[in-house]
Amino acid sequence: MRSLPAASIAHLRNALHSGSKTPEEILSVHQTAWEKSAALNAFVTSLFQHGSASASQSQQQQPLQGIPFAVKDNFCIKGIPTTCASKMLQPFVPAYDATVVKRLRDAGAVLVGKTNMDEFAMGSGSVDSVVGPVKNPWNPLHIAGGSSGGSAVAVASGAAHFALGSDTGGSVRNPAGHCGIVGFKPSYGSVSRHGLIPLLNSTDVPSIFARLVEDVRTVFRVIAGCDIKDSTTFRKTLPEEKADVKRLRIGVAKEYNVPELSDDMRECWMRVADALEEQGADVRSVSLPHSEYANACYTVLNTCDVASNMARYDGIEFGYRSNTDRSSTNALYAATRHEAFNEVVRGRILAGNFFLLKRNFQNYFVRAAQVRRLIAEDFQKAFDSVDVILTPVTLTDAPSFPDFTAIDNRTQQEVQDLFTVGASLAGLPAVSVPVSWSARGLPMGMQLIAPFWRDYFLLDVAEILQHLVNFYHVEK
Ligand code: GLN
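Going by our numbering, the residue at position 293 of the sequence shown is 296; the numbering climbs one at a time, nothing skipped.
Structural data, given as structure tokens:
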């Protein structure tokens with residue numbers, strides 16, 4: 004199997020430190036990659052053009068000094084447009100920085116742009132964007148995955164060394180899997196959501212893309228931690244933990260072996276489990292009996308939050324305002340939303356308001372909240388006998404555009420989320436690691452899920468897997 008070269012942040016920092024590379028050289032390598040990959044449509048706003056992504060000259064040795072990064076266009080950054088890839092926010096320029104972006108810049112990282120996504124992060128393909136779909140770097144006739152597809156492609160194509168996305172039901176793990184890079188969703192509450200435009204508030208987590216697990220860890224160290232501006236972040240620090248493959252108990256969830264799983268993805272999953280077993284790990288079957296309800300549960304909770312979160316976009320406070328009908332306040336609201344939201348967003352607002360009707364509330368919202376608890380308890384029980392759970396990230400490699408958008412786009416998107424929504428609903432840390440190539444030459448990723456708050460342990464296991472599969476080799 005081919006193994007791709009990847010330079011680590013530590014490697015770049017050493018090069019900067021020894022003077023063998025300058026910050027400008029590093030930035031220009033990324034700019035060239037951005038120019039070459041422009042057709043993939045990964046960026047909504049690029050800061051390369053006007054030289055606004057200037058490498059800082061600080062003498063201080065910061066952990067991310069001179070490292071170029073990109074940010075999904077649903078994080079607010081002062082003075083830079085934040086659109087959520089929607090016409091609704093095309094005229095919006097935030098007056099403040101998201102906490103995660105501030106922490107990265109304070110650590111010396113260099114912002115190179117805002118990335119393309121599904122409108123308001125609703126989707127699994129990055130096809131529903133007002134500026135057009137994101138294309139897969141390994142074959143532009145295929146989707147990049149989503150909703151954080153632009154950030155995944157920015158990293159996979161070399162325009163950014165690492166990138167931020169938001170993962171609510173899989174939006175970082177899914178495109179990481181389709182693009183052949185690492186995508187890490189931390190434990191809920193370990194990273195501040197201040198400045199992230201919300202989708203489903205109780206599962207939204209700012210998440211990290213990079214080629215190498217060690218770089219994900221470096222970035223995570225910078226962004227994790229309590230934030231006074233987000234009351235759902237915890238004061239308790241994350242324990243530093245190491246994993247030993249010989250003492251590792253790995254669970255394979257039997258409910259995830261569904262008929263929709265492609266043959267090559269299933270084989271890949273089994274091959275990875277066998278390879279870990281050969282290294283000394285104890286691989287056993289676990290049960291997550293409520294998995295089959297995860298998508299339905301997620302859909303109800305997601306649309307209910309969407310119904311309330313989207314209510315602020317009314318054409319009056321900020322963003323787009325329609326000129327068509329201003330005969331009454333309601334007419335202005337309706338015309339604005341009709342003109343500026345896509346079908347997916349409008350459909351979810353409608354569904355959410357339906358589930359929240361007084362006569363439906365008990366049967367939908369409350370029921371979904373109860374099912375969510377059962378799903379979380381399934382994981383807790385499984386973790387009585389294993390340390391991590393191994394699953395595929397998606398059912399198949401990246402679908403082609405016609406396959407993804409044909410017939411019933413939305414149902415397919417939900418099916419694609421099958422393996423990722425569980426960890427989101429339960430708030431657990433989960434990471435997608437590139438492991439192999441499909442029959443048609445596209446990357447395939449495997450997901451590892453760990454108990455709550457064991458993020459560093461999870462990353463250590465992911466690093467074991469990375470070395471084992473040798474998808475990337477670290478450049479010396
Ligand atoms: N595909 C899911 C959705 O459409 C997940 C999106 C996400 O994680 N942002 O809601």
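Positions of the beta carbon are idealized from the N, C-alpha and C atoms, including for glycine. Keep in mind it's a predicted model, so treat the numbers as computed, not measured.
Point to revise | C-alpha gap between residue 86 and residue 249, whole angstroms | key: Using only the alpha carbons, I get a separation of about 47 Å.
**Study point:** Euclidean distance between Cα positions of residue 139 and residue 337
**Key:** When the Cα atoms are used, residue 139 and residue 337 turn out to be separated by approximately 35 Å.
Exercise for review: Counting only the same chain and skipping the five closest in sequence on each side, list residues whose C-beta sits under 7 Å from that of residue 126.
Suggested key: For residue 126, same chain residues with a beta-carbon under 7 Å away, outside a window of 5 residues either side, are 149, 150, 347 and 416 in chain order.
Practice item. Tell me where the beta strand (DSSP E) around residue 398 begins and ends. Key: Element bounds for residue 398: n/a, residue is neither H nor E.
Check your understanding: Which residues bound the beta strand (DSSP E) around residue 277?
Key -> In the DSSP assignment, residue 277 falls outside any beta strand (DSSP E) and lies within the alpha helix (DSSP H) extending over 266–281.
**Study point:** CA-to-CA distance, residue 359 to residue 377, given in whole angstroms
**Key:** As the crow flies, the alpha-carbon of residue 377 is around 21 Å from that of residue 359.
Review point. Is the Cβ-Cβ distance between residue 178 and residue 113 less than 7 Å?
Key: Cβ distance not < 7 Å, so residue 178 and residue 113 don't count as in contact.
Practice item. Determine the DSSP secondary structure at residue 64, reduced to helix, strand or coil. Key: Correct three-state label for residue 64: coil.
Check your understanding: So what's residue 2 in DSSP terms, helix, strand or just coil?
Key -> The structure shown does not extend to residue 2, since the chain is modelled only from 4 through 479, so no value can be given for it.
Check your understanding: What span of residues does the beta strand (DSSP E) with residue 37 cover, start to end?
Key -> Unbroken run through residue 37 is the alpha helix (DSSP H), 26–39; no beta strand (DSSP E).
Check your understanding: How about residue 208 and residue 188: are their beta carbons less than 7 Å apart?
Key -> Contact: yes.
Exercise for review: Decide if residue 262 is buried, meaning its Cβ has at least 16 other Cβ atoms within 10 Å, or exposed.
Suggested key: Residue environment for residue 262: exposed (fewer than 16 other C-beta atoms within 10 angstroms of its C-beta).
**Study point:** CB-CB length for residue 421 against residue 301, believed under 8 Å
**Key:** Not a contact, Cβ separation roughly 10 Å.
Practice item. Give the straight-line distance between the Cα atoms of residue 426 and residue 96, rounded to the nearest whole angstrom. Key: Per the coordinates, the alpha-carbon of residue 426 lies some 33 Å from the alpha-carbon of residue 96.
Practice item. Within its chain, find whatever has a CB closer than 6 Å to the CB of residue 186; leave out the 5 residues flanking it on each side and keep chain order. Key: Hits under 6 Å: 175, 176, 179, 212 and 435.
Point to revise | Option in 469, 339 and 405 with minimal Cα separation from residue 330 | key: Here the closest residue by C-alpha is 339.
Practice item. Please find out if some non-hydrogen atom of the ligand GLN comes closer than 6 Å to the beta-carbon of residue 312. Key: Checking the Cβ of residue 312 against the ligand GLN gives no.
Exercise for review: Count the other CB atoms, across all protein chains shown, that sit within 10 Å of the CB of residue 11; report buried if there are 16 or more and exposed otherwise.
Suggested key: With 16 or more other Cβ atoms within 10 Å, it is buried.
Exercise for review: Give every residue of the same chain whose Cβ lies closer than 8 Å to the Cβ of residue 274, excluding the five residues on either side of it in the sequence, and list them in chain order.
Suggested key: Around residue 274: 439.
**Study point:** Buried or exposed by the 16-neighbour rule on C-beta atoms within 10 Å, applied to residue 314
**Key:** Flag for residue 314 reads exposed.
Exercise for review: Helix, strand or coil for residue 448, going by three-state DSSP, please let me know.
Suggested key: In this structure, residue 448 counts as strand in the three-state DSSP scheme.
Exercise for review: Put residue 136 into one of helix, strand or coil per three-state DSSP.
Suggested key: Look at residue 136 here: in three-state DSSP terms it is coil, with no helix or strand label.
Check your understanding: Smallest Cα separation from residue 448: which of 183, 108, 79 and 100?
Key -> Considering only alpha carbons, the answer is 183.
Review point. Is residue 171 closer than 7 Å to residue 202 when the C-beta atoms are compared?
Key: Taking 7 Å as the Cβ cut-off, residue 202 and residue 171 qualify as a contacting pair.
Exercise for review: Just grab the DSSP bridge partners of residue 404 for me.
Suggested key: Per DSSP, none; premise fails for residue 404.
Point to revise | Three CB pairs or more closer than 8 Å across the stretch 379–397 and the stretch 152–166 | key: No, the stretch 379–397 is not in contact with the stretch 152–166.
Practice item. Would you grab the beta carbon distance between residue 118 and residue 46 for me? Rounded to a whole angstrom, and I think it's under 8 Å. Key: Yes, they are in contact, since the Cβ atoms of residue 118 and residue 46 sit about 6 Å apart, within 8 Å.
Exercise for review: Report yes or no: do three or more beta-carbon pairs, one from the stretch 219–236 and one from the stretch 361–375, lie closer than 8 Å?
Suggested key: Two segments are said to touch when three or more pairs of C-beta atoms, one from each, lie closer than 8 Å; by this definition the stretch 219–236 does not touch the stretch 361–375.
**Study point:** Extent of the continuous beta strand (DSSP E) run through residue 118
**Key:** Where residue 118 is concerned, the enclosing beta strand (DSSP E) stretches over 113–118.
**Study point:** Cut-off 6 Å between Cβ atoms - residues of its own chain near residue 242, not counting five sequence neighbours on either side
**Key:** Non-local beta-carbon contacts of residue 242 in its own chain, meaning distances under 6 Å to residues more than five positions away in sequence, are absent.
Review point. Helix, strand or coil: how does DSSP classify residue 198 here?
Key: In the structure shown, residue 198 sits in coil (DSSP, three-state: anything other than H, G, I, E or B).
Check your understanding: Is DSSP giving residue 305 helix, strand or coil here?
Key -> Three-state DSSP puts residue 305 in a helix.
**Study point:** residue 267 versus residue 88 - alpha carbon distance
**Key:** Distance from the CA of residue 267 to the CA of residue 88, rounded to the nearest whole angstrom, comes to 33 Å.
**Study point:** Heavy atom of the ligand GLN within 6 Å of residue 246 beta-carbon
**Key:** Every heavy atom of the ligand GLN is 6 Å or more from the Cβ of residue 246, so no.
Point to revise | Minimum C-alpha distance to residue 64 - residue among 17, 93, 100 and 74 | key: Of 17, 93, 100 and 74, the residue nearest in Cα terms is 17.
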